[in-house]
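S.K.: Before I ask anything, let me first share the structure, which is written out below as structure tokens.
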Amino acid sequence: MAADEPLVLGIETSCDETGVGIVRGTTLLADAVASSVDTHARFGGVVPEIASRAHLEAMVPTIERALKEAGISARDLDGIAVTSGPGLAGALLVGVSAAKAYAYALNKPLYGVNHLASHICVDQLEHGPLPEPTMALLVSGGHSSLLLAPDITSDVRPLGATIDDAAGEAFDKIARVLNLGFPGGPVIDRLAKEGDPASIAFPRGLTGPRDAPYDFSFSGLKTSVARWIEAKRAAGEEVPVRDVAASFQEAVVDVLTRKAVRACKDEGVDHLMIGGGVAANSRLRALAQERCERAGVRLRVPRPGLCTDNGAMVAALGAEMVARNRRPSDLELSADSSLPVTEPHVPGADRGHAHGHGHSHGHAHDHDHVHEISKDNLYS
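If you count the sequence shown from 1, position 167 lands on 167 in full-length UniProt numbering, and the numbers rise without skipping.
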């Protein structure tokens with residue numbers, strides 16, 4: 001760690017976790033998280049309004065905790081990064097508003113960054129600089145994507161994505177059917193270790209010869225598992241929860257790893273990075289390692305704590321933006337719940353040009369109403 005490497009604070013509020021991280025270059029100095037998951041558990045999923053209010057309450061204490069953990073003053077920072085999208089609009093708005101306030105008060109550059117690109121960049125904190133290009137499989141409650149990133153700060157290309165349920169969403173829904181509570185991923189992972197993954201032949205979506213090679217579909221799998229469970233219950237038979245968990249989990253990770261390794265081969269990339277909350281799943285890690293070794297592909301997976309949503313990943317991408325001299329966002333930066341992964345960050349407009357929504361790309365999204373609503377909330 002060199003003293004001249006950029007020192008950046010990152011804020012993440014895309015869902016139910018208030019994450020604040022501080023990095024210097026590719027070295028993690030602090031990773032403070034305040035989670036509201038327990039509050040959402042009784043509803044069986046994340047309630048956006050509750051998440052937003054929890055972010056409001058946790059924001060300042062979590063930032064102060066991160067600064068104390070890193071042993072720095074806010075004035076020492078070289079920049080402030082924040083997730084501007086995608087995610088829950090209200091939750092994002094809390095983080096963006098806080099980041100803008102700190103950037104303005106401290107006179108520091110502001111970087112609105114993409115949540116998915118951040119999940120890729122966080123691996124730098126554990127395994128060093130990302131190869132270029134990087135092949136990434138991102139799997140979480142909201143996303144299942146295969147991405148090729150020649151430059152994590154400016155060039156991220158989607159190869160495939162889920163056409164319905166994301167992998168993490170399927171875990172949560174099956175856990176609910178099995179009465180296992182929320183979130184579903186950790187408990188299914190735990191129970192699956194005691195079950196037989198080959199005991200029930202659940203379907204593998206979009207794996208036929210005519211199917212899109214890199215897209216994912218878990219809705220049919222979810223329905224198949226739910227119907228299998230319902231049939232058992234209707235017949236008055238006991239549901240073998242551990243076998244169901246193991247067989248369901250195997251169906252998910254089989255498809256994820258098979259398609260990811262195929263993408264590496266097709267694109268001539270000799271490594272694979274896996275990120276997102278589901279990357280903490282032990283079976284996904286084991287099967288990915290096994291298949292990557294057979295294919296001659298090097299696997300990079302951050303430790304579980306860096307796979308789930310956190311501020312460290314945002315700070316990591318922000319530090320890379322500073323290091324590569326990317327243009328900062330301006331104070332018109334807004335929350336964009338549908339920010340496409342092709343936009344790793346939202347740069348400010350060039351001087352002499354209209355600011356618009358803070359984008360300089362010259363194209364409009366079909367979700368511009370999100371920006372307008374956000375501005376009304378911020379500036380009215």
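Cβ coordinates follow ideal geometry from the N, Cα and C atoms, glycine included.
Mind checking A54: buried by the 16 CB within 10 Å criterion, or exposed?
M.R.: Buried.
S.K.: Answer with buried or exposed for P103, where buried requires no fewer than 16 other C-beta atoms within 10 angstroms of its C-beta.
M.R.: Before going on, a small fix: residue 103 reads as Ala here, not Pro. Buried is the call here.
S.K.: If you check the beta carbons only, do V225 and V244 fall under 8 Å apart?
M.R.: For V225 and V244, yes; Cβs fall inside 8 Å.
S.K.: Using 8 Å as the threshold, is the region 87-101 in touch with the region 45-65, meaning 3 or more CB pairs across them?
M.R.: Yes, they touch.
S.K.: Which of helix, strand or coil does DSSP assign to I80?
M.R.: I80 falls in the strand class under three-state DSSP.
S.K.: Please determine, among R190, V82, V47 and S73, the residue with the shortest C-alpha to C-alpha distance to N310.
M.R.: N310 has its Cα closest to that of V82, out of R190, V82, V47 and S73.
S.K.: What's the call for R294, buried or exposed, on a 16-neighbour Cβ count within 10 Å?
M.R.: Flag for R294 reads exposed.
S.K.: Here's the rule I'm using: 16 or more other beta-carbon atoms within 10 Å means buried, otherwise exposed. How should E237 be labelled?
M.R.: Exposed, since its Cβ has fewer than 16 Cβ neighbours within 10 Å.
S.K.: How long is the line joining the alpha carbons of L28 and V314, rounded to whole angstroms?
M.R.: If you take the alpha carbons of L28 and V314, they lie about 11 Å apart.
S.K.: Tell me which same chain residues have a C-beta within less than 7 Å of the C-beta of E320, skipping the five on either side of it?
M.R.: Counting only Cβ-Cβ distances below 7 Å, and skipping sequence neighbours, we find C121, I152 and T153.
S.K.: Which class does A149 belong to by DSSP, given the choice of helix, strand or coil?
M.R.: Correct three-state label for A149: strand.
S.K.: Where does R233 sit, in a helix, a strand or coil, going by DSSP?
M.R.: It is helical.
S.K.: Which value, in whole angstroms, describes the spacing of the CA atoms of G10 and S118?
M.R.: Spanning the two alpha carbons is a distance of roughly 10 Å.
S.K.: Classify R300 as buried or exposed, calling it buried when 16 or more other Cβ atoms lie within 10 Å of its own Cβ.
M.R.: Looking at its Cβ environment, which holds 16 or more other Cβ atoms inside 10 Å, R300 is buried.
S.K.: Can you name, in chain order, every residue of its own chain whose Cβ lies under 7 Å from the Cβ of C307, other than the five neighbours on each side?
M.R.: Only G275, G276, G277, A279 and A280 meet the Cβ criterion.
S.K.: Determine the DSSP secondary structure at G97, reduced to helix, strand or coil.
M.R.: Just to set this straight, residue 97 is Ser in the shown sequence, not Gly. In this structure, S97 counts as helix in the three-state DSSP scheme.
S.K.: How big is the Cα-Cα spacing for K193 and A246?
M.R.: Taking the straight line from one Cα to the other gives about 7 Å.
S.K.: Rounding to the nearest angstrom, what Cα-Cα distance links R285 and R242 in this structure?
M.R.: Taking the straight line joining both Cα atoms gives about 19 Å.
S.K.: Whose C-beta lies closer than 7 Å to the C-beta of G356 among residues of the same chain, with five residues either side of it excluded?
M.R.: Low confidence applies here, because G356 scores a pLDDT of 36, under 50, leaving its location unreliable; read the following figure in that light. Answer for G356: A349, listed in chain order.
S.K.: If you reduce the DSSP assignment to three classes, tell me which class R42 lands in.
M.R.: Coil at R42, not helix or strand.
S.K.: Is S199 buried or exposed, if buried means 16 or more other CB atoms sit within 10 Å of its CB?
M.R.: Classification for S199: exposed.
S.K.: What separation, rounded to the nearest whole angstrom, lies between the Cα atoms of S329 and L93?
M.R.: Looking at the two C-alpha atoms, the distance is approximately 15 Å.
S.K.: Would S52 count as contacting chain C if we go by Cβ distances under 8 Å?
M.R.: Of the protein chains in the structure, only one exists, and it is not chain C.
S.K.: Answer with buried or exposed for K259, where buried requires no fewer than 16 other C-beta atoms within 10 angstroms of its C-beta.
M.R.: Looking at its Cβ environment, which holds 16 or more other Cβ atoms inside 10 Å, K259 is buried.
S.K.: What number of angstroms, rounded off, separates the C-alpha of E250 from the C-alpha of E343?
M.R.: Cα-Cα distance, rounded: 33 Å.
S.K.: Which residues in the same chain have their Cβ closer than 6 Å to the Cβ of G195, if we skip the five residues on either side of it in sequence?
M.R.: For G195, where only same-chain residues beyond five positions count, the Cβ hits under 6 Å are R242, D243, A245 and A246.
S.K.: Going by the CB atoms, is the gap between L339 and V96 shorter than 8 Å?
M.R.: Cβ distance not < 8 Å, so V96 and L339 don't count as in contact.
S.K.: Which residues mark the beginning and the end of the beta strand (DSSP E) in which R324 is found?
M.R.: No beta strand (DSSP E) contains R324, which DSSP labels as neither H nor E.
S.K.: Would T62 be called buried (16 or more neighbouring beta carbons within 10 Å of its own) or exposed?
M.R.: Its Cβ being crowded by 16 or more others within 10 Å, T62 is buried.
S.K.: Here's a check: name, in chain order, each residue in its chain whose Cβ is nearer than 7 Å to the Cβ of residue 394, leaving out the five neighbours to either side.
M.R.: Since the first residue shown for the chain is 1 and the last is 380, residue 394 is missing from the structure and cannot be characterised.
S.K.: Using 8 Å as the threshold, is the region 173-189 in touch with the region 126-137, meaning 3 or more CB pairs across them?
M.R.: No, the region 173-189 is not in contact with the region 126-137.
S.K.: Verify whether the separation of the beta carbon atoms of A66 and G21 is less than 8 Å.
M.R.: Yes. Within cutoff.
S.K.: Quick check on the DSSP output: what are the complete alpha helix (DSSP H) runs of length 4 or more inside the region 283-328, in order along the chain?
M.R.: DSSP runs (the alpha helix (DSSP H)) wholly in the region 283-328: 304-307 and 311-323.
S.K.: Can you tell me whether R24 is helix, strand or coil according to DSSP?
M.R.: Reduced to three states, the DSSP call for R24 is strand.
S.K.: Pick helix, strand or coil for T134, following the three-state DSSP scheme.
M.R.: Reduced to three states, the DSSP call for T134 is strand.
S.K.: Checking 8 Å against the spacing of the C-beta atoms, do K100 and L331 come in under that value?
M.R.: Against a cut-off of 8 Å, the Cβ pair of L331 and K100 comes out as a contact.
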